[in-house]
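2 protein chains.
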Amino acid sequence: MSDIKIEKNAYHHGNLGARLIELGLEVLEIEGAEALSLRELAKMAGVSKTAPYRHFENKEIFLASLADEGFRLLYKDLLNARGNEPGSIGRMGKAYMAFAVSHPALYRLMSSSLLNRMPDSFKVWARKTLVLLSNTLDGVQNDENLPLNLHDTTAIWAYIHGLVLIRIDGLYPQDLNQPDWEQLAGTAFVLPSKTS
Amino acid sequence: MSDIKIEKNAYHHGNLGARLIELGLEVLEIEGAEALSLRELAKMAGVSKTAPYRHFENKEIFLASLADEGFRLLYKDLLNARGNEPGSIGRMGKAYMAFAVSHPALYRLMSSSLLNRMPDSFKVWARKTLVLLSNTLDGVQNDENLPLNLHDTTAIWAYIHGLVLIRIDGLYPQDLNQPDWEQLAGTAFVLPSKTS
DNA sequence: TTGCCTAGTTGGCACTGCCAACATTATTCG
DNA sequence: CGAATAATGTTGGCAGTGCCAACTAGGCAA
Numbered sequence: 186m187s188d189i190k191i192e193k194n195a196y197h198h199g200n201l202g203a204r205l206i207e208l209g210l211e212v213l214e215i216e217g218a219e220a221l222s223l224r225e226l227a228k229m230a231g232v233s234k235t236a237p238y239r240h241f242e243n244k245e246i247f248l249a250s251l252a253d254e255g256f257r258l259l260y261k262d263l264l265n266a267r268g269n270e271p272g273s274i275g276r277m278g279k280a281y282m283a284f285a286v287s288h289p290a291l292y293r294l295m296s297s298s299l300l301n302r303m304p305d306s307f308k309v310w311a312r313k314t315l316v317l318l319s320n321t322l323d324g325v326q327n328d329e330n331l332p333l334n335l336h337d338t339t340a341i342w343a344y345i346h347g348l349v350l351i352r353i354d355g356l357y358p359q360d361l362n363q364p365d366w367e368q369l370a371g372t373a374f375v376l377p378s379k380t381s
Numbered sequence: 186m187s188d189i190k191i192e193k194n195a196y197h198h199g200n201l202g203a204r205l206i207e208l209g210l211e212v213l214e215i216e217g218a219e220a221l222s223l224r225e226l227a228k229m230a231g232v233s234k235t236a237p238y239r240h241f242e243n244k245e246i247f248l249a250s251l252a253d254e255g256f257r258l259l260y261k262d263l264l265n266a267r268g269n270e271p272g273s274i275g276r277m278g279k280a281y282m283a284f285a286v287s288h289p290a291l292y293r294l295m296s297s298s299l300l301n302r303m304p305d306s307f308k309v310w311a312r313k314t315l316v317l318l319s320n321t322l323d324g325v326q327n328d329e330n331l332p333l334n335l336h337d338t339t340a341i342w343a344y345i346h347g348l349v350l351i352r353i354d355g356l357y358p359q360d361l362n363q364p365d366w367e368q369l370a371g372t373a374f375v376l377p378s379k380t381s
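Written out as structure tokens, the structure is:
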């Protein structure tokens, strides 16, 4: 809240919108979502308190932009983890977990009810992520295809999503032995529907 | 926000703490978590703006109390769904989904990072719920026992938790055919670890 | 009766999102 | 080139919030 540098700039910042997203991600990681105010971000960017409204209609839309950016980053990590050899699904599970653990506040934002209220243009990367999961499941490497098996994909996504949230939200009782989160994330991808 | 009755009462309300929880649950369902302010609840209860602070140290603690109450209600529903015959795990999955769908804002609050920052006294019912799930899995009917198989229980909890959140947060792309959520919730309980 | 304790009151501060009106710079086009 | 115009920022201000400090009303016990 106090030791974050304040920028000084010309009248026209040049790229305030993008800069606010960057700063927003920082604040999110360091101080959490509750501490994130547009006014403070504006101050950090060295700009007046209402300048952000020239780039984002309101706070909710700003947060939704942050969430979309989060899905872009997650997508990148998952793509990276996939590689070519078999077992990629397991690696993607671990990458998914790793992402959420290193950006907990961002991941929480991504999985809030925010995007629910937004037009599809804010769900570009969320959707791509789902498709990536689905295609990997089906052994498809072309990410532009439409997903084939959405039922199973949903089950698997739900599993890793819930696992990650239980962990980062500290829902698991602290006085019990913690489960092996990494291992659970790696074996995430056994299909319920294939065994029932 | 406007058509909610305001109560008139004597100086000493008698049970303001409990009344605020009730009103909080109402506001949560009707207007969502963002619209919930202690000041408005106080007004609804016919009491001055800072009276709530005599019962809850701060807003976060009030919200945590709401979340705990939520787990109590969920626990009750799950216990009800369990019954005695086999297949109870599937019924509990559906009951879990039904609870979240009819109290989405409350469920979101229950699964926020709030409880993370609270002492264990706010996690009484969250813990009981986990134990109930675990014991049902193991075929144990005595809910006072310690859970046996926390690894599998965590996996299953993660699955239903994630499924429910994906649904109520509208994370699933709206333009795709929606999966059969009920069916997914009912077949939630296939153990990953038993098939890998 | 006295006096304490609990529950509730009023006033106020610092902060927030966001609106209206205005100022400055950049861009486009006659 | 110069002027209109659009894009981007600025200031002042409003209503709402959480929460603090100081005060008060009423119930209960000694």
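Those protein sequence lines, which keep their order, are chains A and B.
Heads up: the first sequence begins at 186 in my numbering, then just goes up one per residue.
Heads up: the second sequence begins at 186 in my numbering, then just goes up one per residue.
Backbone N, C-alpha and C define an ideal beta-carbon position, used for all residues, glycine too.
Within 8 Å of any Cβ in chain A, is that where the Cβ of residue i sits?
i	result
Gly209(B)	no
Asp360(B)	yes
Leu335(B)	yes
Lys279(B)	no
Pro237(B)	no
Arg257(B)	no
Gly272(B)	no
Leu221(B)	no
Leu318(B)	no
Pro364(B)	yes
In the DSSP assignment, find the alpha helix (DSSP H) that holds residue i and state where it starts and stops.
i	result
Ser297(A)	Note, Ser297(A): premise wrong, no alpha helix (DSSP H); not H, not E.
Gly202(B)	Leu201 to Glu216
Arg312(A)	Val309 to Leu322
Leu350(A)	Leu335 to Ile353
Ala370(A)	Trp366 to Gly371
For residue i, go through chain A and note every residue whose CB falls closer than 9 Å to its CB, in chain order.
i	result
Leu351(B)	Per the sequence shown, residue 351(B) should be read as Ile rather than Leu. Near Ile351(B) (Cβ distances below 9 Å), the residues of chain A are Ser296, Thr339, Trp342, Ala343, His346 and Gly347.
Anything in chain A within Cβ reach of residue i, meaning under 8 Å, just list it in chain order.
i	result
Lys244(B)	None at all; the shortest Cβ gap to chain A is about 10 Å.
Using a cut-off of 7 Å between C-beta atoms, extract the partners of residue i located in chain B.
i	result
Lys261(A)	The premise fails here: Lys261(A) is roughly 19 Å from chain B at the closest Cβ pair, so nothing lies under 7 Å.
Asn301(A)	Asp354 and Gly355
For residue i, go through chain B and note every residue whose CB falls closer than 8 Å to its CB, in chain order.
i	result
Arg293(A)	Ser297 and Ser298
Lys308(A)	Pro358
Ala311(A)	Leu356 and Pro358
For chain B, find out if any of its Cβ atoms is closer than 8 Å to the Cβ of residue i; answer yes or no.
i	result
Asp253(A)	no
Asp323(A)	no
Leu213(A)	no
Ala315(A)	Note on identity: in this sequence residue 315(A) is Leu, with Ala being the wrong assignment. By this cut-off, Leu315(A) is an interface position.
Leu248(A)	no
Counting only Cβ pairs nearer than 7 Å, list the residues of chain A close to residue i.
i	result
Pro304(B)	By Cβ distance, chain A contributes nothing, its closest Cβ being about 10 Å from Pro304(B), past 7 Å.
Leu369(B)	Thr339 and Ala340
Output, in chain order, the set of chain B residues within a Cβ distance shorter than 9 Å of residue i.
i	result
Leu201(A)	Chain B residues near Leu201(A): none, gap ~26 Å exceeds 9 Å.
Beta strand (DSSP E) runs wholly inside the region 230-279 of chain B, at least 3 long, in chain order: none
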